[in-house]
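*Asks:* Okay, handing you the structure first.
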Amino acid sequence: MNNPITENLTWFPACKTYDVPDNGGVCVKYKHKQIALFNFTRRGEWYASQNMCPHRMQMALSRGMIGSLEGEPKIACPFHKKNFSLIDGRCMSGDDYKIKTYPVKIEDDLVFIGVSEEEDHYETVCV
Ligand code: FES
Numbered sequence: 000m001n002n003p004i005t006e007n008l009t010w011f012p013a014c015k016t017y018d019v020p021d022n023g024g025v026c027v028k029y030k031h032k033q034i035a036l037f038n039f040t041r042r043g044e045w046y047a048s049q050n051m052c053p054h055r056m057q058m059a060l061s062r063g064m065i066g067s068l069e070g071e072p073k074i075a076c077p078f079h080k081k082n083f084s085l086i087d088g089r090c091m092s093g094d095d096y097k098i099k100t101y102p103v104k105i106e107d108d109l110v111f112i113g114v115s116e117e118e119d120h121y122e123t124v125c126v
């Protein structure tokens, strides 16, 4: 598990582990949300975040490039290459943006993403 927050979460089955390419991502829909799900094979870890890049409101992060910056997992948006932490969602490129991240757990071959039902929209910060 990469996020210790498990209270008041609904764990929904997103897909099978083999549906997500190694070191890549897919977009998962849950109700009105688009969630980017990442299989970070090099680290043996899974991450999830909102799919929308807050820079230009593009639904694009699932197609971005995952990597690490000073040991921290991050996603680079495919449009203008802004980097976001997959741990806390902060922009690592010096801008005041933030993305929502979600906990992920694997049970057998199923990938579950934890969402809070109280959330009605993404918690993005755009300035
Ligand atoms: S739209 Fe994502 S960095 Fe610009």
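Under numbering that gives the first Met the number 0, think of the first position of the sequence shown as 0, with each following residue one higher. C-beta atoms are modelled at their ideal positions from N, C-alpha and C, and glycine is treated no differently. In this text, all values refer to a predicted model and were calculated from it rather than measured experimentally.
#1: Less than 7 Å between the CB of Cys-90 and some heavy atom of the ligand FES, yes or no?
#2: Can you tell which of Asp-18, Lys-81 and Thr-16 has the C-alpha that lies nearest to the C-alpha of Gln-57?
#3: Do you know whose CA, among Val-114, Pro-102, Glu-69 and Gly-93, lies nearest Asn-38's CA?
#4: For His-120, count neighbouring Cβ atoms within 10 angstroms of its own Cβ and tell me buried if that reaches 16, exposed if not.
#5: Check this for me: beta carbons of Lys-99 and Cys-90, under 8 Å apart or not?
#6: Using only alpha-carbon positions, find the residue among Thr-40, Val-27, Lys-15 and Val-114 that is nearest to Asp-107.
#7: At 3 residues or longer, and completely inside the region 86 to 120: list those beta strand (DSSP E) runs for me, N to C.
#8: For Cys-14, report the span of its beta strand (DSSP E) as first-last.
#9: Are the Cβ atoms of Glu-44 and Pro-12 separated by less than 8 Å?
#10: Would you check whether the ligand FES has a heavy atom nearer than 7 Å to the C-beta of Ala-13?
*Replies:* From the atom records:
#1: Because no heavy atom of the ligand FES lies under 7 Å away, the Cβ of Cys-90 does not count as near it: no.
#2: Distance check between Gln-57 and each of Asp-18, Lys-81 and Thr-16 places Lys-81 closest, using alpha-carbon atoms only.
#3: Nearest Cα to Asn-38 within the set Val-114, Pro-102, Glu-69 and Gly-93: Pro-102.
#4: Note that His-120 has pLDDT 48, beneath the 50 cutoff, so the model's placement of it is unreliable and the number below is only indicative. That one is exposed.
#5: Taking 8 Å as the Cβ cut-off, Lys-99 and Cys-90 do not qualify as a contacting pair.
#6: Closest option to Asp-107, Cα to Cα, is Lys-15.
#7: Segments of the beta strand (DSSP E) lying fully in the region 86 to 120: 103 to 106 and 109 to 115.
#8: Element bounds for Cys-14: 8 to 15.
#9: Not closer than 8 Å, so no.
#10: No - the ligand FES has no heavy atom lying nearer than 7 Å to the Cβ of Ala-13.
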